[in-house]
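Line by line, the protein sequences give chains R and X.
Counting in this note's numbering, the final residue of the first sequence is number 771, and the numbers go up one at a time with none missing.
Counting in this note's numbering, the final residue of the second sequence is number 214, and the numbers go up one at a time with none missing.
Just so it is clear, CB atoms sit at the ideal spot from N, CA and C, and this is done for glycine as well.
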Amino acid sequence: MNTPNTYIGGHVERVEDARFLRGAGRYIDDVTREGMLHACVVRSAVAHGRLVSIDAEEALAMPGVHAVLTAADVTGEIPTIPFRRPNPKIGPYAQPVIARERVRYFGEPVALVLADSPELAEDAAELVLPEIEPLPAVVTRDAALAAEPLLFPGTTEDNLAAVFTAGKGDAEAAFAGAALVVGDSFSTQRQTALPLETRGLLAEWDADAQHLTVHGAAKLPFFNRRAMAKMMDLPETSVDYVEHDVGGGFGARGEFYPEDFLVALAARITGRPVKWVEDRREHFAAIAHSREAEAQVELALDASGRILGLRGEMFMNVGAYVRPNGMTPVRNCAQFMSGPYRVPNIALQATAYVANKTPAGTFRGPGRYEGSFFIERLLDMAAARLGLDRRTIRQVNLLTNAEMPYPLAQIRPSDGSRAETSCDSGEYSEAFHRCLQAFDWEEKEKLDGRLIDGRYHGIAVSCFIEGGASGPAETARIQVAGDGGVEVYVGSSAIGQGLETVMAQIAADTLGLPMECIRIYHGSTTYLAEGWGSYGSRATVMGGNAVREAALALLARFRALAARRLGVGEAEVSVVGGQAVGPDGAVLDLADLAAEGLAGEAKFLNSDATYTNGTAAVHVAVDPETGRVEVLDYVVCDEVGRIVNALTLHGQVTGAAVQGFGSVFGEELPYDDDGALLVGTLADYLVPLATDYPRVRCLSLESYPSPTNPLGAKGAGEGGIIPVGGAVANAVASALRAFGVAPNHLPLSPARVWALLNPPD
Amino acid sequence: MKIALTVNGRPAALDVAPRTTLADCLRHALGLTGTHLACEHGVCGACTVIVDGAAVRGCLTLAVQADGAEVTTVEGLAGDGALTPLQEAFRRHHALQCGFCTAGILTTLHALLTENPDVEACEIREVLSGNICRCTGYIPIVEAALEARAAYRRGGDPAQ
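This is the structure we're talking about:
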């Protein structure tokens, strides 16, 4: 028999693997419907211009083409996509679901072709001719700030979507009294999350029932259902979002995009199921970009290296519109730049400006990766100026558990519950020491800055926090089926992270049952009346605790029903291992009472963030002839409160670290002066390959359970990526110390590193 | 155009348009949706299938080119039986997360290990560099492949 807590904390192999390994996963392009039409989106090839007309005559004449929808097919005002974090200033910048009079980025949808096959739809889309009068494109920060031209003339007076401040204490006073002030300019490049499966949707409209079903949900189906219902002028209960297997999310996938509305509209107009699967080229122009940030920031310190204050300003290019999650990286960068450190005085300003580029959203560790890069560079610069060891300057500033809860900077204008937030628990030096010990800093330090076999070696250390457990709630319902199987319905979504396994572990342990009895259903609005989803490293904490509470409710109900059946008092019934045992030894199984409605429901409410903390150390070798940087060793240690599944946790941390290397070295979405995106394939967007980063080690600690939730877990899906920029850039700086280079601008492509070593005269 | 091929041991006769790729043919005409498409120009390797023993890109091969060939897809590795040692090793090492690239990686590695069961880590990485995995960072995939070598060394085709 299983005893409680058999699964949580173990290296539990994943239940979803069996179907994925056999090729039996069911992704959106695997879902078909009788009589469905295929959609292809016609996109603007001009970054900024007046949309004069759309000539679809030739396309419509093709056999097998059913319709070409444009803005003219939308009744009334063109709906705009709602914000996840509304704030007073961003309203005018919301994205319309299709361009009517003006296009604002390369790739903006202008029409939708519907045909009998995807090939025909693509062929016909080539024949749709939008006439667009080009306007000057706003590509750079300078052009955007000069408001020449405005992207939204007549509606807004500038190209600034929002200005956030992150504040705490009295930064001016702190800087006035500092022994040292270090400051510089930094930047991170525009990139995207790039899930391997492109996006896709299949919409079905039931005219009799006036009901819309959208397949292809990910991340946050319930928010999208609300948005869709409002745009379609339907009651929420008349819209369902259905989740199938999802080929990666990383923040970008699953938000409400223009195609959500367009594909649904097409189904409603034609009365036939309509499917759209994004191709890779349009993916690059259509899915949210992220990370295009510039900063001018300063750190004030005393002579012993204690941080007194942090101030400065950041500018984020959020693209042509503010998408649902477009402000998250902006405000996060400001609020979390102080990271795991004790920073008593903060005055940061983050400005989001619009430009004629693909609208931005989130990518794993949004804003946190950027902010970590900025402050970690500043810390190494300060250590050099003060003559301190780079470990010491971090050690004296890392937060201690005695200081918890430790308040971070406040965000203004307030954008919800996290405008004020505090680190929850942890002795941050613990992961720091464990990381450096595993890394063998003392030994590797002997190589630091040395030229060995033609390459300069460098090491660095970088510390981080990762916010998790996005509020406000998550829901779960558990019921016992007639065969004794336990059906668990949870509002969380699976995006490839192993949700089914983690939820089954928690349900099985709480119920005292083997995992094999548990069946997990997730992510679709058909399962629960309300739910939230998977974003902001929330599923394990929010969904996991909801499942736990629902399981406890079910056990209470089981005890009550068993007592009634046995004719004894509830206190006389013991419940263990899925069985209720009466005082005389009579035994009832869960299945025996299934017919009496054996179920439990829960809504886990929590608006307090969890903060995983960690440290990464890296050893690089830099080839001065080519500028190529090789990662010789990378160790990351994080403290996650409570490990639910060590296997999937390490998978998240390792995978995120390697994604971070992609961010630091290769991935970039460049634009030309006219606002044309210069990347369209995986041959020119350089994600990490198997030969690139073979040495990543990770270890995890669970020393300080989060006080915010009964499981004690802290969200941990994103932390792996956060410290990578700062760690690698500092290691490159350390390797090349003889040259006094400042790698302050990412990516550190071979060309850029070479240019650092060979500055123009 | 009419073609006849063997897919996962079963004969299939089909009438396909000349421009139909092998990947689309497998997915749509034969319902073998385990083969995935993620770039459609031969970079990501998600659509890799085994044609007459060699790992090939399903998106760069026309269906008509496979006329008369023997094709193995991810569905054919274990068939209806137990997972193969390679698949088991993937599970043990957590060598997959979202599962989208997995089919192409399994077929790539199956072809490699069948040809050379003594292959070393650096060559596994070299071959694997033709497949993009966005989730795992590749490290557990290489570990799984190394572990599965023993089963391929024992001879025969561990996938059948």
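query	result
Under 8 angstroms from the C-beta of X/V97: neighbouring residues of chain R	T691, L692, A693
Alpha-carbon spacing of X/A48 relative to R/D40, whole angstroms	Past the boundaries of the shown model lies residue 48 of chain X; chain X is included only from 55 to 214, so the question cannot be answered.
Contact with chain X by R/A344, beta-carbon distance below 8 angstroms	no
DSSP state of R/N655 mapped onto helix, strand, coil	strand
Check whether R/G587 and R/I488 have beta carbons under 8 angstroms apart	no
CB contact below 8 angstroms: X/A83 versus chain R	no
Cα-Cα separation between R/E253 and X/H82, rounded to whole angstroms	21 angstroms
Chain X contact residues for R/G207, given Cβ-Cβ distances below 8 angstroms	The question names Gly, but residue 207 of chain R in the sequence shown is Glu. Under the 8 angstroms cutoff, chain X gives H90, A92, C152, F154.
For R/A134 and R/V120, believed in contact at Cβ under 8 angstroms, the rounded distance	The Cβ separation is near 14 angstroms, so there is no contact.
R/M9 - DSSP class collapsed to helix/strand/coil	Past the boundaries of the shown model lies residue 9 of chain R; chain R is included only from 11 to 771, so the question cannot be answered.
Beta carbon proximity, X/A120 to chain R, threshold 8 angstroms	no
Best match in R/Q306, R/N327, R/L461, R/A656 for proximity to R/L320 [C-alpha to C-alpha]	R/Q306
Residue closest to X/P194, alpha-carbon to alpha-carbon, out of R/V628, R/R235, R/H660, R/V742	R/H660
Those residues which DSSP pairs with R/Y644 across a bridge	R/V628
Alpha-carbon to alpha-carbon, R/G690 and R/P268	20 angstroms
Backbone CA spacing between R/G426 and R/R95 [nearest angstrom]	7 angstroms
Continuous alpha helix (DSSP H) assignments of at least 4 residues falling wholly in the region 564 to 623 of chain R	none
Candidates R/E292, R/A686, R/I88, of which the one nearest R/M241 by Cα	R/I88
Under 9 angstroms from the C-beta of R/G74: neighbouring residues of chain X	The premise fails here: R/G74 is roughly 13 angstroms from chain X at the closest Cβ pair, so nothing lies under 9 angstroms.
Beta-carbon proximity of R/G481 to R/N616, cut-off 8 angstroms	yes
When X/E142, X/V105, X/H147 are compared against X/T162, the one with the closest alpha-carbon	X/V105
Opening and closing residue of the alpha helix (DSSP H) in which R/D133 lies	128 to 137
Under 7 angstroms from the C-beta of R/D40: neighbouring residues of chain X	T87
Residue of R/M391, R/A82, R/A491, R/G261 minimising C-alpha distance to R/Q669	R/G261
Contained alpha helix (DSSP H) runs [length at least 4] in the region 148 to 181 of chain R, N- to C-terminal order	151 to 155
Spatially closest choice to X/G99 from X/T115, X/L86, X/A198, by CA coordinates	X/T115
Distance, R/T361 Cα to R/V173 Cα	4 angstroms
Whole-angstrom distance between R/N407 and R/C647, CA atom to CA atom	18 angstroms
Cβ-Cβ distance between R/G33 and R/S382 below 8 angstroms	no
Residue-chain proximity (R/T658, chain B), Cβ-Cβ < 8 angstroms	Looking at the structure shown, chain B is missing, and the protein chains on hand are R and X.
Within chain R, the residues that X/P194 reaches when beta carbons sit closer than 8 angstroms	G661, T664
Inter-residue Cα distance where the pair is R/N12 and R/E510	Reliability fails at R/N12, whose pLDDT of 42 lies under 50, so the model's placement of it is uncertain and no value is given.
Of the listed residues R/D152, R/V249, R/Q220, R/G477, nearest to R/M326 (C-alpha basis)	R/D152
Cβ-based contacts, 8 angstroms cut-off: residues of the region 113 to 136 of chain R near chain X	E129
Chain R within 8 angstroms of X/V110, Cβ atoms only	no
Beta carbon proximity, X/I104 to chain R, threshold 8 angstroms	no
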